[in-house]
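Take a look at the structure below.
Protein chains: 2
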Amino acid sequence: MSPPPPDGAAAVDAETLLADAPAGHKRELRLWLRMLACANLIEGEVRRRLRLSFGTTLPRFDLLAQLERAGPAGLTLGEVSRRMMVSNGNVTGIAARLVAEGLVARRANPADRRAGTLSLTPRGRREFARQSAAHEEWIAELLAGLTSADQAALHRLLGRAKGGARSAIGGEPA
Amino acid sequence: MSPPPPDGAAAVDAETLLADAPAGHKRELRLWLRMLACANLIEGEVRRRLRLSFGTTLPRFDLLAQLERAGPAGLTLGEVSRRMMVSNGNVTGIAARLVAEGLVARRANPADRRAGTLSLTPRGRREFARQSAAHEEWIAELLAGLTSADQAALHRLLGRAKGGARSAIGGEPA
DNA sequence: CCGAGATGGTTTAGGTTTCAAACATCCGGG
DNA sequence: CCCGGATGTTTGAAACCTAAACCATCTCGG
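Dropping the structure here:
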């Protein structure tokens, strides 16, 4: 399992990781590493720009997006946690910071005294509108290397990959 | 009893986020959200399995992979940082834990007393071999929904996307 | 009414991550 | 030789993230 690594390459990233796996599933591995590198590249740039342009972070932005999308009724913490696919304890902290910044309001639910409901303040709504517009431009810019047809094909293939992964995760407790 | 990993959640995920953006670059946005969802789905499952099967984490695994690939000469902390595309301060902490666990050796460089060199211990090499084999199987399993042709096409498109993003990042300090 | 379990949230402990600032060391010019 | 800048690493603060333990409340059966 330790092939003498034919050393070389100066500019290396995660993709070069396993240039020569010995046996079977080398192709899948390379595909995965490329997908990961691509997603991390874009995500990192988005995080960087959110920080530089708005002094915020991706989790904050995502939470605001969920509330914007949910409308004036707002969401409970648990609902936000499910939609963002993160742990509930995580949402507690992010929401606390957004409330402290005045972008999100939190009020108690009279019907269920356990649940707190989050919603955007007017300022939060305004701020998210700014951020969201910039975010959309950034993504378009970062994906500008793809033609329309490329985008469609990629979208379709990723859908298939996502479905396969989801069934592999949910279906088989290997 | 906190709900199991926030994966199941039949209802909504990041993709549903912006079902109806008003204006221009909706298509790119949807593509990006799908890519992100797909990568996060797989990455999360890999993290989960690394934790359950080996009691380790993805960054630790990645660092071992870099050292394995680098061969017996090892790498400096800075070189590892560049290859993993993470900050140097980050590598300090991860390496410290791996050294404490006995999987990685750290020795001073007589030629440059600033730089520390990391390399795998025999135990580290053995342990990584186990983890790496399992990891390769997992990836193959998680991507099993794709035919060989799908994989090739996806690989090509992601390469194009990655190149475009890279040039958009490096080229224009917008 | 009352207790058991389910559900919503918070807290705690451990890791990961980044940035910025400090520190250590090397290298080159004067 | 010595000073300044470049380079390698560490440290500290703040945020994020999870899992697990815990608390508060709700719901439902008896």
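The listed protein sequences correspond, in order, to chains A and B. Take the first sequence: its position 120, counted from the start at 1, is 120 in our numbering, and no numbers get skipped. To convert, count from 1 in the second sequence and add 1000; that's our numbering. Just so it is clear, CB atoms sit at the ideal spot from N, CA and C, and this is done for glycine as well.
Bridge partner(s) assigned by DSSP for residue i
i: residue 104 of chain A; result: A:120
i: residue 1076 of chain B; result: B:1117
Nearest neighbour of residue i, chosen from the options [CA to CA]
i: residue 1090 of chain B; options: B:1105, B:1062, B:1138; result: B:1062
i: residue 1026 of chain B; options: A:136, A:77, A:118; result: A:136
i: residue 131 of chain A; options: A:51, A:152, A:40, A:158; result: A:51
i: residue 1161 of chain B; options: A:146, A:43, A:83; result: A:146
i: residue 1058 of chain B; options: B:1077, B:1082, B:1031, B:1098; result: B:1098
i: residue 73 of chain A; options: A:158, A:118, A:44, A:54; result: A:118
i: residue 1139 of chain B; options: B:1066, B:1159, B:1048; result: B:1048
i: residue 1123 of chain B; options: B:1110, B:1100, B:1168; result: B:1100
i: residue 1206 of chain B; options: B:1168, B:1170, B:1116; result: Given that chain B is displayed from residue 1001 to residue 1174, the structure contains no residue 1206 of chain B and the question cannot be resolved.
i: residue 1144 of chain B; options: A:159, A:149, A:168, A:153; result: A:168
Residue i and residue j closer than 9 Å at C-beta
i: residue 1034 of chain B; j: residue 155 of chain A; result: yes
i: residue 1175 of chain B; j: residue 1128 of chain B; result: The question about residue 1175 of chain B has no answer here: the residues shown for chain B are numbered 1001 through 1174.
i: residue 1041 of chain B; j: residue 1120 of chain B; result: no
i: residue 36 of chain A; j: residue 1039 of chain B; result: yes
i: residue 1088 of chain B; j: residue 1103 of chain B; result: no
i: residue 1032 of chain B; j: residue 142 of chain A; result: yes
i: residue 165 of chain A; j: residue 1045 of chain B; result: yes
i: residue 134 of chain A; j: residue 54 of chain A; result: yes
Residue i, DSSP secondary structure in three states
i: residue 67 of chain A; result: helix
i: residue 99 of chain A; result: helix
i: residue 147 of chain A; result: coil
i: residue 22 of chain A; result: Confidence is the limiting factor: at residue 22 of chain A the pLDDT is only 47, short of 50, which leaves the residue's position unreliable, though a coordinate-based value still follows. Residue state, collapsed to three classes: coil.
i: residue 140 of chain A; result: helix
i: residue 1091 of chain B; result: helix
i: residue 1040 of chain B; result: helix
i: residue 1110 of chain B; result: coil
i: residue 35 of chain A; result: helix
i: residue 1164 of chain B; result: helix
i: residue 84 of chain A; result: helix
i: residue 55 of chain A; result: coil
Per-residue burial, residue i [other beta carbons within 10 Å of its own, 16 or more giving buried]
i: residue 56 of chain A; result: buried
i: residue 1060 of chain B; result: buried
i: residue 83 of chain A; result: buried
i: residue 1022 of chain B; result: Any reading at residue 1022 of chain B is ruled out, since the residue's pLDDT is 46, under 50, leaving its predicted position unreliable.
i: residue 1081 of chain B; result: buried
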